[in-house]
Each structure stands twice: as structure tokens, then as C-alpha cells.
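These protein sequence lines are chains S and C, in that order.
When you line the first sequence up against my numbering, it's residues 5 to 334, in that order.
When you line the second sequence up against my numbering, it's residues 5 to 334, in that order.
Number of protein chains: 2
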Amino acid sequence: MKKLINAVDDVLKESLEGFAAAHHDLVRVSHEPTYVARAHAPVKDKVALISGGGSGHEPLHGGFVGYGMLDAACPGQVFTSPTPDQMLAAAGAVDGGAGVLFIVKNYTGDVMNFEMAAEMLTGEHARVLTNDDVAVEDSTYTSGRRGVAGTVVVEKIVGAAAEAGADLAACKALGDRLNAATGSMGVALTSCTVPAAGGPTFQIGDDEMEMGVGIHGEPGRKRVRLAAADAIAEEMLGAIGHALGPKSGERVLLFVNGFGATPLMELYLMFHAAARLCADRGLTVARSLVGNYTTSLDMAGCSLTVTRLDDQLIELWDAPVHTPALRWGR
Amino acid sequence: MKKLINAVDDVLKESLEGFAAAHHDLVRVSHEPTYVARAHAPVKDKVALISGGGSGHEPLHGGFVGYGMLDAACPGQVFTSPTPDQMLAAAGAVDGGAGVLFIVKNYTGDVMNFEMAAEMLTGEHARVLTNDDVAVEDSTYTSGRRGVAGTVVVEKIVGAAAEAGADLAACKALGDRLNAATGSMGVALTSCTVPAAGGPTFQIGDDEMEMGVGIHGEPGRKRVRLAAADAIAEEMLGAIGHALGPKSGERVLLFVNGFGATPLMELYLMFHAAARLCADRGLTVARSLVGNYTTSLDMAGCSLTVTRLDDQLIELWDAPVHTPALRWGR
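1) Give the straight-line distance between the Cα atoms of proline 199/C and threonine 87/C, rounded to the nearest whole angstrom.
2) Can you grab the Cα-Cα spacing for the pair valine 152/C / leucine 313/C, in whole Å?
3) For cysteine 308/S, list the residues DSSP reports as bridge partners.
4) Would you mind telling me which residues of chain C sit closer than 8 Å to serine 19/S, beta carbon to beta carbon, in chain order?
5) Could you work out which residue in Val156/S, Arg285/S, Met120/S and Arg280/S is closest to asparagine 296/S when comparing CA atoms only?
6) Would you mind stating whether proline 223/C and threonine 309/C have Cβ atoms separated by less than 9 Å?
7) Run through chain C and tell me which residues come within less than 8 Å of cysteine 306/S, C-beta to C-beta.
8) Out of Phe275/C, Asp302/C and Lys251/C, state which residue places its alpha-carbon closest to the alpha-carbon of valine 82/C.
9) Just mark threonine 266/S as buried or exposed, buried being the case when its beta carbon has 16 or more other beta carbons within 10 Å.
10) Tell me which residues of the region 34-66 of chain S have at least one Cβ-Cβ distance to chain D shorter than 8 Å, keeping chain order.
11) Ends of the beta strand (DSSP E) at leucine 271/S?
12) Using 9 Å as the threshold, is the C-beta distance between glycine 72/C and glycine 103/C below it?
13) Short of 6 Å in beta carbon distance, which residues of its chain neighbour valine 162/S, apart from the five on each side in sequence? Order them along the chain.
14) Taking the continuous beta strand (DSSP E) assigned at serine 292/C, which residues delimit it?
15) Residues of chain S with a CB under 9 Å from the CB of serine 85/C: which are they?
16) At 4 residues or longer, what runs of the alpha helix (DSSP H) sit wholly inside the region 196-269 of chain C?
17) Just to confirm the assignment: which complete alpha helix (DSSP H) runs, minimum length 4, are found wholly within the region 160-188 of chain C?
18) Is there a Cβ from chain C that is less than 9 Å from the Cβ of methionine 73/S?
19) Mind checking whether serine 59/C and leucine 16/C have CB atoms under 9 Å apart?
20) Apart from the five residues on each side of it in sequence, which residues of its chain come closer than 8 Å, Cβ to Cβ, to glycine 264/C?
21) Ordered along the chain, which non-local residues of its own chain (more than five positions away) have a Cβ less than 7 Å from that of alanine 24/C?
22) Whose Cβ in chain S lies nearer than 8 Å to the Cβ of isoleucine 236/C?
23) For threonine 298/S, which three-state DSSP category applies?
24) Can you give me the start and stop residues for the beta strand (DSSP E) that phenylalanine 23/S sits inside?
25) What residue does the beta strand (DSSP E) around leucine 64/S start on, and which one ends it?
26) Measuring CB to CB, does alanine 164/S end up less than 9 Å from alanine 11/S?
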């Protein structure tokens, strides 16, 4: 294992301390229990958005805490669910009196822990469960479809609505609608390596790819020979299109997400391939995002995410956002 | 070689087309000769900043084209200098009548080609040469020190000055002063792989690191056993400190730059290590940047960059910037 770390047990804490120091104008990090919150929280009378999950997917979720997006994020150990005490502490810190919306990726551990936190929470609260990964039903850590990079789109757009004053029910309804309008699929060229494990999560041949991989290196649909970028994009968009059923003439958000070790040059090349395929199907790529936003440590590969858009969603996507990892407007 | 590409010869073109499509609100890409320019260029009466160099370092330089930073960038093939015709075409497209400032990383090919372009240019022009890499004198592609991630700092701060109306002489003087106030050093844990080469640029053992590596995988100071993050940060900051000589009580910009395959988690951990060492030396980390900004394709590792700051440099760093890869303010 080759990593820029000190002791394996200190990776999360030291990384979060670096994150807090680098972005002290935007966020603060609390320890024991661990959560990331906006530097100026709570925001009075605004629905508080809280997400979280295992670490190793940075910038998800801590990198999306800030104006126009999340109020707090609860990082677990690498690829390990955070615990209810973290969620309760985060809720206590950021609830501005308009209730708490938990945005939870569909993994069994995350779902269970966020449910336990919700049961203990006295204030008003609701939950949006993301399950945008169209690759497989039921997986290593999941019952049903997995929640992956589409979660970023949900957090951005619901975050904008909450900032604009939407109430808890409206935020939840918007999040559910967005999740249903969003599909993703990934491909891995190499494995990731979890620091505490000390070696690769899975073995893969020099000429192979894992099509439909999960963001923890979970198996996808099939292990096949590495194909050309155009063919990979076509297979992924085909699967997403099958699940989402966008109609010719519709506007979409196209999001190419790197898993961590794939150069930006290749991500833009994948965007080029995917955007042309969208055009071929009569879809207008009205908005786009390219970069490492939902990673799997040092895995090489990427995912494609498509969200069906309308005027309201575009307006909310364009609204100002001011977080460590996503920043525009204002 | 495992890459998300189609034909090797089409990598740059397809990637640039994806880049142009994803950021059509900010930039446009011209082909034959190839350059990236602001979507709205030239800017009348503003000094035009043009940079360029081999591709494979994305987002450098095309990702820094936009308001408050570069006016144009000339990408060569991967790790290959762009040619004078690209620079002349870019200058023609973005010169707003106040002259052109070329920002050139110190590599023999880049220096030669930008000099040829400058000789052919009839309008007023000047050059800033960056050579912030303190690791070695003279290297595979360089006479003298190499220009690396510190170039981003030069482009940001001189870009802000140009936007505020500084004339060509002032922009050049500021760039030269910034370069002298900036030092960098890198470490590689793995090699990069150039698409056209088809295999790793260099071999490195499972327990080794290349200390002082260049951004094309050039040899650094020594090949040694992989050390802990704290020890790596200490060695790199020691070398930078030796070259820059910052005094106790000074403010600095601390920039942790990922080479492409190192997770954000590790980059923040390195920031934590480096920021503590700065504090130990009495330096105030007044501004910071953490992420993949000057990459070496899929190389694992990172560089540290330190810039000695003053009130003017801080104000220019904080000024609005609106590019694909760096965006704040406004």
C-alpha cells in the first residue's frame, strides 16, 4: 500500500483537521462525535440539510457543506457508516428551527444509523434516500439500488431550494423527485485500497474493467475486457436511459464523475463521448459537471450521471453555491 | 495501459472538445492551431495573459482561462511543448491593445517555442518565466530549475492585477516578484503513463518514493523508502524554506497540489502536516489551496508550494476569479 499518511488509525482525523484548516472560512469540524458544519450555523428558519456516510468519497460529503448546499455532514471511517451520535450532534448544531432533512445514500449501514438518529430526534425531520446507481439491484452493502454520485445533484438542488426558503415537506418532495429523475453508472479500471485493509479491495486483470462498479469497489454487472471510451459511454448511457426513460427534446444535466485516479483529461474525453450520445438521442445537455466529486479513494474509472431537468431544477442548479468543492455565483 | 480513451492520437482533441462543451459559458477552443481562449475575448485595454505547455497537467493551463486569470492557453500534445503558431494565433485572438504577457514554465522546449513566437509578434509583449521547483538544478527537459505548480499562483495573482488595470510592465514585474517568492517540491509514489508511450514513464518499487520528482516523472533528488506523511512534508518544506528563506512572522500561501491519482483525503492530510510545520517555524498560513491543479496524468503523489505573501498579494489572491478550475468571488 502506497499512501501519503502517518498511522492508519489517524488518517480520518488528520485529514479532517487539514480540511478544517484549509477551509476555516466556510466550515468547522467537531470531533467526538465527528461532524462538519457550516462556519456560521445554524441558519435561522432554514431547513437544515445533513448528509453523511463512510469516508473515502471526498469531496462527498464534507466538501459540500456551505451556503446553498449542506448544513452539515457526518463522516464515518473509510467506507464505514457514521453513527447516530454524530448525526444527532450535527442536527443539534445546525437545526435553525425549520426542521432537518437527512440525505442518505442507500447502503444498509447508513440507512440503519440515520433511522436510529431520526428516532431519537425530537425536532421535525424527514429523509431523502438516494439510489441513483442503475447498475445492479442488491449489492455487497446494499438492499436495492446503491446511492452514488447523483447524490451530489440532489444535495446541490435541494440545498438551493432550502436556501430560498422551501419548507421541510417541499425539500423532501423535491429531493425524492430529483432522485427519481437521476440515474448513474460507473466503471472501474483499477481497485481502490482502503488504508486499514492495506491492500486492494478487489483483483482485476491488466486488460479488464468492472462495468457497473460501486463506489466501494463492489461488483457491478460484469467483468469484461477494457473497451474504448465511446463504447463504455454508450453502455453506461444505455443503462441509465433504460432506467430513466428521458424523451427526445428533454434537457438533462450530464455529470462525469472521476473515482479518484483518472486524469481530468480522460474525464473530459468521456464527457465528449457522452455528450455526443445524448445529442444523438435528441437530449439537450443543458448543464454539466466534470471532475472528482464522489470518489472511491484511489480507484481509476468514472461514473456518468444524468438528471432530467426542467426550468425549476435549472434555476436551482444555477443558484449560488459556496462550499469547499463546489462554488459559483455571488 | 488502462485509460478511458479511444484512439491514442485523438486523446487531446477529444478531451479539448469535451472541455469546450462542458465550459462553453467560459471558454472556447480553436483547433489548427489549437488554443483555449475566454469566451469573450479580447478584453479591450487589458494586458492579455497567455500561458501554455504540454498537456497532461490538467487543469493547468486551459482550466485557468477566464475572468481574473488567463486570457488564453496553448496546449501541446501530452508532455510536449506547444508550437509558436499556437501562441501567435492565441495572441491574435486575445490581445486587447495593452500588450501580451506570456507566462512560461521553465522547460527547454517551452522556452524556445515561446521565444520564437515572441520574435514574430509585432505587438507589445513580455514574458514571465516560472522556475519554482526547488528540488533540482537542470533536469530531463530543463536547464535550471523547473516550473511547476507555483505557476498557478503566478497566473492567479498576475491575472487579478491585469484585470484591475495593471500595465504590461507592472504585470511582468509582479510575475517575476511572485516567482521569486514561490517555491515548490514534489514527491511521487507511482509513475504516470503517457498514452502514446503505452506504459509507465519510470519504474519504482512497491516501497519506494521519488523525492523531488518533476511533473513529467523526471527524476528528483533521490529514490528512497516511502516515509510517513509528516516526514515527507518536513523534507519538502525544509527544501522550500532553504530556497525561499521566509522569516518568522511572515504570512504565506500553502498549496498542496495532487499529481492526479492521490485521493483528496491524503492531500488534506498532507495539508495538515505541512500547516503544522509552517506554524512551528512561525509562519502564518494566511491563504491555502488543496486539490489537483498541476497534475502529471495518473501519477500518485503531490507537491507542496509556498508563496511569501504581503497585503498586495493577498488582495490580488482574494480578487474574483471565474475559470473552469478556480472560481470564487463575484
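All C-beta atoms, glycine included, are put in the ideal place defined by N, C-alpha and C.
Remember, it's a predicted structure, so these values are computed and weren't measured experimentally.
Looking at the atomic coordinates:
1) As a working mapping, residue 199/C is identified with position 195 in the second sequence. As a working mapping, residue 87/C is identified with position 83 in the second sequence. Here the alpha carbon of proline 199/C sits roughly 20 Å from the alpha carbon of threonine 87/C.
2) What you label residue 152/C is simply residue 148 of the second sequence in a count that begins at 1. What you label residue 313/C is simply residue 309 of the second sequence in a count that begins at 1. One Cα belongs to valine 152/C, the other to leucine 313/C, and the distance between them is close to 19 Å.
3) As a working note, residue 308/S is residue 304 in the first sequence. The amino acid occupying residue 308/S in the given sequence is leucine; cysteine does not appear at that position. DSSP, once it has assigned bridges, lists Met189/S and Val260/S as partnering leucine 308/S.
4) Here residue 19/S corresponds to residue number 15 of the first sequence, with the count starting at 1. Here the neighbours are Met269, Glu270, Tyr272, Leu273 and His276.
5) Numbered from its first residue, the first sequence carries residue 296/S at position 292. With distances taken between Cα atoms, asparagine 296/S lies closest to Val156/S.
6) For the purposes of this step, residue 223/C is taken as the residue at position 219 of the second sequence. For the purposes of this step, residue 309/C is taken as the residue at position 305 of the second sequence. Contact flag unset, no.
7) On the first sequence, position 302 is the one that residue 306/S refers to. Going along chain C in sequence order, the residues near cysteine 306/S (Cβ under 8 Å) are Leu8.
8) Counting from 1 along the second sequence, the entry for residue 82/C is found at position 78. Cα-wise, what sits closest to valine 82/C is Asp302/C.
9) The residue you call residue 266/S lines up with position 262 of the first sequence. Counting other Cβ atoms within 10 Å of its Cβ, threonine 266/S reaches 16 or more and is therefore classed as buried.
10) Structure shown: chain D not included; protein chains present are S and C.
11) The residue you call residue 271/S lines up with position 267 of the first sequence. That residue, leucine 271/S, is in no beta strand (DSSP E); its alpha helix (DSSP H) goes 268-284.
12) The count along the second sequence starts at 1 and reaches residue 72/C at position 68. The count along the second sequence starts at 1 and reaches residue 103/C at position 99. Glycine 103/C is positioned such that its CB atom lies no closer than 9 Å to that of glycine 72/C.
13) Along the first sequence, read from residue 1 onward, the residue named residue 162/S stands at position 158. Scanning its chain for C-beta atoms nearer than 6 Å, with the 5 sequence neighbours on each side dropped, one finds around valine 162/S the residues Cys175, Leu178 and Gly179, in chain order.
14) Walking along the second sequence from the start, residue 292/C turns up at place 288. In the DSSP assignment, serine 292/C falls within the beta strand (DSSP E) that extends over 288-295.
15) Indexing the second sequence from 1 puts residue 85/C at position 81. Residues of chain S whose Cβ lies closer than 9 Å to the Cβ of serine 85/C do not exist; the shortest such Cβ separation is about 17 Å.
16) Within the region 196-269 of chain C, complete alpha helix (DSSP H) segments of at least 4 residues are found at 233-248, given in chain order.
17) As far as the region 160-188 of chain C is concerned, its whole alpha helix (DSSP H) runs of at least 4 residues are 172-184.
18) Position 69 of the first sequence, counted from the start, is the residue given in the question as residue 73/S. Closer than 9 Å: no.
19) Your numbering for residue 59/C matches position 55 in the second sequence. Your numbering for residue 16/C matches position 12 in the second sequence. The criterion of a C-beta distance shorter than 9 Å is satisfied by serine 59/C and leucine 16/C.
20) Residue 264/C sits at position 260 when you count from the first residue of the second sequence. Here the set comprises Cys196, Asn296, Thr299, Ser300, Leu301, Asp302, Met303 and Ala304.
21) Taking the first residue of the second sequence as 1, we reach residue 24/C at position 20. Taken in chain order, the residues that qualify are Val31, Arg32 and Val33.
22) Residue 236/C sits at position 232 when you count from the first residue of the second sequence. Per Cβ cutoff of 8 Å: Leu8.
23) Counting from 1 along the first sequence, the entry for residue 298/S is found at position 294. Annotated three-state conformation of threonine 298/S is coil, per DSSP.
24) Position 19 of the first sequence, counted from the start, is the residue given in the question as residue 23/S. Following the DSSP letters along the chain, one finds phenylalanine 23/S in no beta strand (DSSP E) but inside the alpha helix (DSSP H) bounded by residues 15-26.
25) Taking the first sequence and counting its residues from 1, the one referred to as residue 64/S is at position 60. Note, leucine 64/S: premise wrong, no beta strand (DSSP E); not H, not E.
26) What you label residue 164/S is simply residue 160 of the first sequence in a count that begins at 1. What you label residue 11/S is simply residue 7 of the first sequence in a count that begins at 1. No, they are not a contact pair.
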